[in-house]
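Asker:
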Amino acid sequence: MLHNVLAAAPAMVLCLLLQGVVVAICLRRYARFRRNVKSQDLLWVDVLLLITVMLLTLLCNFAQMAIWAALFMFLDEFSDFATALYHSAVNFITLGYGDIVMSKQWRMLGPIEAANGILMFGVSTSVMTAAVMDVIKYHQARTQQE
1 MLHNVLAAAP AMVLCLLLQG VVVAICLRRY ARFRRNVKSQ DLLWVDVLLL ITVMLLTLLC
61 NFAQMAIWAA LFMFLDEFSD FATALYHSAV NFITLGYGDI VMSKQWRMLG PIEAANGILM
121 FGVSTSVMTA AVMDVIKYHQ ARTQQE
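Quick note, the sequence shown lines up with residues 1 to 146 if you use the UniProt record's numbering.
Given below as structure tokens:
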């Protein structure tokens, strides 16, 4: 099992770094956009902000699935990247279909990736929730000023 943890560690660290960078970019850009846009009463501004945050975090999660798929390819667990990516996605989002399994030697990578995926989707969800809460707070404050 130790070899699974050692093999997974670089992928996990890379996923954490990627998630951290994307979260920081999302929050900074969100705050800058919110501060600079003067027509903030328009619905499209809120929709654009929320869609952008959601798309960036979702793309980040897809990139993390690809990182894990690359690890599986490096370990010669799959013959093509599409299958490795499918298996990675099933693990990452904790579906656990079981239609494609890895060899006995590397099968603990699935649960490790699932744990990593839960954490990353949790962070993505918290960023999206923060954006939604900010939109709500902004409009509540505007309503109270009127």
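Even glycine gets a Cβ: it sits at the ideal position worked out from N, Cα and C.
#1: When the Cα atoms are used, what is the spatial distance from residue 108 to residue 97?
#2: Of all the options 50, 93, 102, which has the alpha carbon lying nearest to the alpha carbon of residue 74?
#3: For residue 67 and residue 15, which I take to be in contact (beta-carbon distance under 8 angstroms), what is that distance rounded to the nearest angstrom?
#4: Reducing DSSP to helix, strand and coil, say where residue 65 ends up.
#5: With a threshold of 6 angstroms on Cβ separation, who are the neighbours of residue 51 within its own chain once the five nearest residues in sequence on each side are excluded?
#6: On a CA-only basis, which of 99, 117, 79 is nearest residue 63? Give me that one, please.
#7: Measuring CA to CA, which of 76, 91, 45, 32 is closest to residue 61?
#8: So, with DSSP's three-state summary, where would you put residue 120?
#9: Report the CB separation of residue 78 from residue 84 in whole angstroms; it is logged as a contact under 8 angstroms.
#10: For residue 30, which option in 43, 7, 130 has the closest C-alpha, if you only look at C-alpha atoms?
#11: Taking residue 135 and residue 76 to be in contact with their CB atoms under 8 angstroms, please state how far apart those CB atoms are, rounded to whole angstroms.
Answerer: Concretely, from the data shown:
#1: 15 angstroms
#2: 102
#3: 6 angstroms
#4: helix
#5: none
#6: 117
#7: 91
#8: helix
#9: 4 angstroms
#10: 130
#11: Actually they are not in contact, since the Cβ atoms of residue 135 and residue 76 sit about 47 angstroms apart, beyond 8 angstroms.
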